[in-house]
Amino acid sequence: MFLRCSYIVSNTLSVLQYTALESQSPHQFYYTPRGRNDRRGTRPCRYFLGSVRYSWVDVMVGGLVDRPRSVSLIDGGWLDKAREGFVSDAKWDLQSFADRLVPKYHWRFRTYYFDALPFKDRNKPTTNQQMQYRKKEDDLKSIDRLERFTVRCGYCKKTSVTGFIKNAGYQTAPTEILTVEQKMVDVLLATEMTRIAWSKEAQHIGLVAGDGDYVAAVEAAKGAGAIVRLFHIKTIATSVAPDLFDMVDERVDLTSIFQDMESGKPIPSK
1 MFLRCSYIVS NTLSVLQYTA LESQSPHQFY YTPRGRNDRR GTRPCRYFLG
51 SVRYSWVDVM VGGLVDRPRS VSLIDGGWLD KAREGFVSDA KWDLQSFADR
101 LVPKYHWRFR TYYFDALPFK DRNKPTTNQQ MQYRKKEDDL KSIDRLERFT
151 VRCGYCKKTS VTGFIKNAGY QTAPTEILTV EQKMVDVLLA TEMTRIAWSK
201 EAQHIGLVAG DGDYVAAVEA AKGAGAIVRL FHIKTIATSV APDLFDMVDE
251 RVDLTSIFQD MESGKPIPSK
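Here the sequence shown is numbered in my numbering, starting from 1 and rising by one per residue.
And the structure:
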């Protein structure tokens, strides 16, 4: 398809570049011819999608040019802590939140959501454990059914440590402390980020997390040519590792996004 190229063919001797400008319709853009013999103004270019300038050779030989893809990787446990006190449950919409993470002139290709199923004893699970496990499964299944969402699940493991508690005074016997930790979530997210970057699935990767274990994955993604943007917020429960903060290409504070969602402000046009 030559995109109404009667005007383009008449100017093939000049160097043309086209700047895609967004209009009212999400799929209607305008191109601006640039060159010594070009007339001023913009002309409608239906089905031409893009956010960077392309030469006329790219347009005529390559055909339609897609808008740059953006993929978001969300650590669900970190996000739940981050939004506490900012967005109420009544105003919270994960689909809307994912759309707000996309940079201007990009489109949300896919959102990957990472979380862990709660601990459930394999031998003798309690009634409470079974109820929490089923509820979490239903929640993650509903997220997976959102538009262009993919859920990756880890699991929780209970570990016990026996010893004397520091600064607890005189103790006649050691104390057993049980802890529940998430497993596989960090590995799944880091692996997915590396795969996306090296497979060229997206040019832009948004990371909603704060763990320092992602530093190596971010470095690998940058080495593949991807731009990594970190979405962070400064709270007591959601600190960001300094190494991760320094490694990413761009940084965005989530405070304004949460405030827009709580106030009901519409999503900015992309």
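C-beta: ideal position from N, C-alpha, C; glycine also.
In this text, all values refer to a predicted model and were calculated from it rather than measured experimentally.
Residues E176, I177, L178 and T179 of the same chain have their beta carbon placed closer than 8 angstroms to that of S160, with the five preceding and five following residues left out of the count. In this structure, the CA atom of T191 is about 10 angstroms from the CA atom of V218.
Membership of R251 in any alpha helix (DSSP H) is not indicated; the residue belongs instead to the beta strand (DSSP E) covering E250 to D253.
For R229, DSSP records a beta bridge to G206 and E250. Listed in chain order, the alpha helix (DSSP H) elements of length 4 or more contained wholly in the stretch 76-162 are 76-82, 94-100 and 127-144. Shortest Cα-Cα distance from G76 to any of T127, Y155, F245 and P174 involves Y155. Between the alpha carbons of L140 and K166 lies a gap of roughly 39 angstroms. In the DSSP annotation of this structure, the continuous segment of the beta strand (DSSP E) that includes I177 starts and ends at T175 to K183. In the DSSP assignment, V215 falls within the alpha helix (DSSP H) that extends over V215 to G223. Non-local beta-carbon contacts of M247 in its own chain, meaning distances under 7 angstroms to residues more than five positions away in sequence, involve V215, V218 and E219 in chain order.
Ranked by Cα distance from S263, the first of I74, D89 and L79 is D89. Just measuring C-alpha positions, the residue of V151, T126 and T127 sitting nearest D138 is V151. In the same chain as D253, and ignoring 5 residues on each side of it, the C-beta atoms closer than 7 angstroms to its own belong to H232 and I233, in chain order. In this structure, the CA atom of G85 is about 12 angstroms from the CA atom of W92. Taking C-beta atoms under 8 angstroms as the contact rule, Q129 and D121 qualify, at a distance of about 6 angstroms. Between V87 and M261, the gap from beta carbon to beta carbon is short of 8 angstroms. Note that the C-beta distance between C153 and A98 is not below 8 angstroms. With respect to the 8 angstroms criterion, G210 and A241 are classified as neighbours on the basis of their beta carbons.
Burial state of I257 is buried, judged by a 10 Å Cβ sphere holding 16 or more other Cβ atoms. In the DSSP assignment, R69 forms a beta bridge with W107.
Measuring C-alpha to C-alpha distances from R69 to each of D80, T172, V228 and V185 identifies V228 as the nearest.
Looking only at L189, K265, W198 and R100, the smallest Cα-Cα distance to W78 is reached by L189. With a 10 Å radius around the Cβ and a threshold of 16 neighbouring Cβ atoms, Y170 comes out exposed.
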